[in-house]
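For reference, the structure is listed below as structure tokens.
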Amino acid sequence: MPSDNNKDDQPLAYEDDPRTSCQYGAKCYQKNPQHHSKYKHPPKRETIDEKTETLTTGVKRKNPIKDHKNERSKSPQNKLQKTFEPEKKLHNLSPSPERTGIVINKNENDNKHSNEKISNKEILTKHNSVNSVEYNATESISVSDMTAQNIIMDLFLVKMPKDFFQFYEFCKNISKDNPLLACKSVRLKLVGPYDVLDGKITSIDGDKEKYLTHWRYYYDVPEFQTIMKCDDKEGLHFGYWRDDTMEKPVFIAKNRANVNGIFEPVAENIFGAVDAYLQNKTKSANPFEKTSIIRLHSQLKNFAKKHNITLEKNSVNMRARERRVVARTFHKVGIVVPYDKKTQLGYRELAATDSKYD
Numbered sequence: 001m002p003s004d005n006n007k008d009d010q011p012l013a014y015e016d017d018p019r020t021s022c023q024y025g026a027k028c029y030q031k032n033p034q035h036h037s038k039y040k041h042p043p044k045r046e047t048i049d050e051k052t053e054t055l056t057t058g059v060k061r062k063n064p065i066k067d068h069k070n071e072r073s074k075s076p077q078n079k080l081q082k083t084f085e086p087e088k089k090l091h092n093l094s095p096s097p098e099r100t101g102i103v104i105n106k107n108e109n110d111n112k113h114s115n116e117k118i119s120n121k122e123i124l125t126k127h128n129s130v131n132s133v134e135y136n137a138t139e140s141i142s143v144s145d146m147t148a149q150n151i152i153m154d155l156f157l158v159k160m161p162k163d164f165f166q167f168y169e170f171c172k173n174i175s176k177d178n179p180l181l182a183c184k185s186v187r188l189k190l191v192g193p194y195d196v197l198d199g200k201i202t203s204i205d206g207d208k209e210k211y212l213t214h215w216r217y218y219y220d221v222p223e224f225q226t227i228m229k230c231d232d233k234e235g236l237h238f239g240y241w242r243d244d245t246m247e248k249p250v251f252i253a254k255n256r257a258n259v260n261g262i263f264e265p266v267a268e269n270i271f272g273a274v275d276a277y278l279q280n281k282t283k284s285a286n287p288f289e290k291t292s293i294i295r296l297h298s299q300l301k302n303f304a305k306k307h308n309i310t311l312e313k314n315s316v317n318m319r320a321r322e323r324r325v326v327a328r329t330f331h332k333v334g335i336v337v338p339y340d341k342k343t344q345l346g347y348r349e350l351a352a353t354d355s356k357y358d
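Residue numbers (UniProt numbering): 1 to 358.
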């Protein structure tokens, strides 16, 4: 093994060299042999260090920058960003967590509980770019004393209508193991508060604000609550529309988040909305797709008939609500603001047109 004195030998050899010193020194870029036979050049320090390290270790040092890049490319965060790349306009969209099925007792020791809180904060920080809601398997507590309705009311601050639970039962009849993907053949998936019914959200502890943006798209207004999404490029999703959070939803509306911020009333309940969706889907489907669509459509209508669920698209309640609209708004559904005669509080028209704010 060569000694460390080799580093000092090369500068000494340069000084003893009888050739004329090159005016450019170590920065000379000439490779002509005649030039090098006439002029001498000082040894480069980097070359000395690299040669010494190669002789000493027998292995060239790996570039740490390259390794760092490889590590970053394999990280789950980059994979997550690639997954949501087609949906750049979907802002504050919080995906559904995986179903845990694991429940812990309330009487666990405090140390374990504090460790869970730290791990949950780290997960939320890691995926902050898409405002996702991740859940640790040990985070949930026993919910045997609570109903799904109470959990939804506590987390989402609204009460779900009867058809919400009935549609989940319908999906369970089609796919008992995975009701949320029962309508996968027509590219529909249940999301949002349906994660509570499916056992993915079983805890009401911790930061409740994250649930208020659970599956909220870019153009979603406070009156709208997403309950079902379509696996397409337009970002089509359906949800309940409430003019008053203390009242039941007026209708099911839809929006294409990757297209615009316009919402469209579809039907009074989720069965009517899916019925309308399947009707349009049948018209544009090829012969191979039509079979599965018609089968699902038939199952939907039979279930609705058996449970006396209306499939009406423009019901009496929807028409009555339309008459109470005081302003059309940018999303085109309009707002309903009650007027108090005693206090004279209510809606006042703006002294400008919509085009001024477009």
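Every residue gets a Cβ at the ideal spot worked out from N, C-alpha and C, and that includes glycine.
Model, not experiment: these values are computed from the prediction.
Using CA atoms only, rank isn't needed, just tell me which of Val259, Tyr24, His35, Lys184 is closest to Val274.
Here residue 274 refers to the residue found at position 274 of the sequence shown. Comparing Cα-Cα distances from Val274 to each of Val259, Tyr24, His35, Lys184, the minimum goes to Lys184.
At 3 residues or longer, and completely inside the region 187-256: list those beta strand (DSSP E) runs for me, N to C.
188-190, 224-230, 236-241, 251-256
Backbone secondary structure at Val325 - three-state DSSP
Your numbering for residue 325 matches position 325 in the sequence shown. Correct three-state label for Val325: coil.
Any heavy atom of the ligand MG closer than 7 Å to the CB of Gly25?
As far as ligands go, the structure on display features none, and thus does not contain the ligand MG.
Between Ala13, Arg323, Tyr29, Trp241, which has its C-alpha nearest Ala267's C-alpha?
As a working mapping, residue 267 is identified with position 267 in the sequence shown. Ranking Ala13, Arg323, Tyr29, Trp241 by Cα distance to Ala267 puts Trp241 first.
Residue range of the alpha helix (DSSP H) that includes residue 363:
Since the first residue shown for the chain is 1 and the last is 358, residue 363 is missing from the structure and cannot be characterised.
What does the alpha-carbon distance come out to for the pair Tyr194 and Ser355?
Position 194 of the sequence shown holds residue 194. Position 355 of the sequence shown holds residue 355. Using only the alpha carbons, I get a separation of about 38 Å.
By a C-beta neighbour count over all protein chains shown, 10 Å radius and 16 as the cutoff for buried, is Asn269 buried or exposed?
Here residue 269 refers to the residue found at position 269 of the sequence shown. Buried, since its Cβ has 16 or more Cβ neighbours within 10 Å.
CB-CB length for Leu197 against Lys189, believed under 8 Å:
Against the sequence shown, residue 197 aligns to sequence position 197. Against the sequence shown, residue 189 aligns to sequence position 189. 14 Å between Cβ atoms; not a contact.
Determine the extent of the alpha helix (DSSP H) in which Phe330 is found, giving its start and end residues.
Indexing the sequence shown from 1 puts residue 330 at position 330. From DSSP, Phe330 is part of no alpha helix (DSSP H); its letter is neither H nor E.
8 Å Cβ cutoff met for Gly261 and Thr310:
Position 261 of the sequence shown holds residue 261. Position 310 of the sequence shown holds residue 310. No, the pair does not count as a contact, with Cβ atoms beyond the cut-off.
Can you tell me which of Val336, Pro265, Lys172, Pro249 puts its alpha carbon nearest to the alpha carbon of Val325?
Counted from its first residue, the sequence shown places residue 325 at position 325. Looking at the Cα atoms, Val336 is the closest of the given residues.
With 16 other CB atoms within 10 Å as the buried threshold, where does Gly192 fall?
Your numbering for residue 192 matches position 192 in the sequence shown. So Gly192 ends up on the buried side.
Going along the chain, which residues of its own chain have a beta-carbon closer than 6 Å to the beta-carbon of Leu345, five neighbours each way excluded?
Translated into positions along the sequence shown, residue 345 becomes position 345. Cβ neighbours of Leu345 beyond the five flanking positions: none.
Run through DSSP, which three-state label would Lys184 get?
What you label residue 184 is simply residue 184 of the sequence shown in a count that begins at 1. Here Lys184 sits in helix by DSSP.
8 Å CB neighbourhood of Glu312 in its chain, flanking five on each side removed
Taking the first residue of the sequence shown as position 1, residue 312 is located at position 312. Correct list, in chain order: Ala267, Glu268, Gly272.
Smallest Cα separation from Thr202: which of Ala148, Cys171, Glu264?
By one-based count along the sequence shown, residue 202 stands at place 202. The candidate whose alpha carbon is nearest that of Thr202 is Ala148.
Burial state of Glu223 (16 or more Cβ within 10 Å):
By one-based count along the sequence shown, residue 223 stands at place 223. Result: buried.
How about Phe238 and Val333: do their beta carbons lie closer than 8 Å?
Along the sequence shown, one-based indexing puts residue 238 at 238. Along the sequence shown, one-based indexing puts residue 333 at 333. In this structure, Val333 does not lie closer than 8 Å to Phe238 by Cβ.
What is the rounded straight-line gap between the Cα of Asp17 and the Cα of Lys40?
The sequence position of residue 17 within the sequence shown is 17, counting from 1. The sequence position of residue 40 within the sequence shown is 40, counting from 1. When rounded, the distance between both Cα atoms is 7 Å.
When the Cα atoms are used, what is the spatial distance from His331 to Tyr339?
Working through the sequence shown from its first residue, we reach residue 331 at position 331. Working through the sequence shown from its first residue, we reach residue 339 at position 339. About 22 Å.
Check whether the Cβ atoms of Tyr217 and Ala257 lie closer than 8 Å to each other.
Position 217 of the sequence shown, counted from the first residue, corresponds to residue 217. Position 257 of the sequence shown, counted from the first residue, corresponds to residue 257. Yes, these two residues count as a Cβ contact at 8 Å.
For Lys290, name the three-state secondary structure that DSSP assigns.
Numbered from 1 along the sequence shown, position 290 holds the residue referred to as residue 290. In the structure shown, Lys290 sits in a helix (DSSP, three-state: H, G or I).
For Ser21, does the three-state DSSP call read helix, strand or coil?
Residue 21 sits at position 21 when you count from the first residue of the sequence shown. Three-state DSSP puts Ser21 in a strand.
Would a C-beta distance cut-off of 8 Å place Tyr24 and Pro43 closer than the cut-off?
If you number the sequence shown from 1, residue 24 lands on position 24. If you number the sequence shown from 1, residue 43 lands on position 43. Cβ distance not < 8 Å, so Tyr24 and Pro43 don't count as in contact.
Is it the case that the Cβ atoms of Phe288 and Pro265 are separated by a distance below 8 Å?
Locating residue 288 in the sequence shown gives position 288, counting from the first residue. Locating residue 265 in the sequence shown gives position 265, counting from the first residue. Contact flag unset, no.
For Glu15, which three-state DSSP category applies?
One-based indexing of the sequence shown puts residue 15 at position 15. Correct three-state label for Glu15: helix.
Are there 16 or more other CB atoms within 10 angstroms of the CB of Tyr219, so buried, or fewer, so exposed?
As a working mapping, residue 219 is identified with position 219 in the sequence shown. Buried, because 16 or more other Cβ atoms sit within 10 Å of the Cβ of Tyr219.
For a test of the three-state rule: what should DSSP assign to Lys126, helix, strand or coil?
Residue numbering aside, residue 126 sits at position 126 when the sequence shown is read from its first letter. No answer about Lys126 holds up, because its pLDDT of 35 lies below 50 and its placement is not dependable.
Is residue 413 near Val158, with beta carbons less than 8 Å apart?
Outside the shown range of the chain (1 to 358) lies residue 413, about which nothing can therefore be said.
Who pairs with Glu169 in a beta bridge, going by DSSP?
Reading the sequence shown from its first residue, position 169 is the one you call residue 169. Answer by DSSP bridge pairing: none, since Glu169 is not bridged.
First through last residue of the beta strand (DSSP E) which encompasses Pro338:
Residue numbering aside, residue 338 sits at position 338 when the sequence shown is read from its first letter. Looking at the DSSP string, Pro338 is not in any beta strand (DSSP E), and its letter there is neither H nor E.
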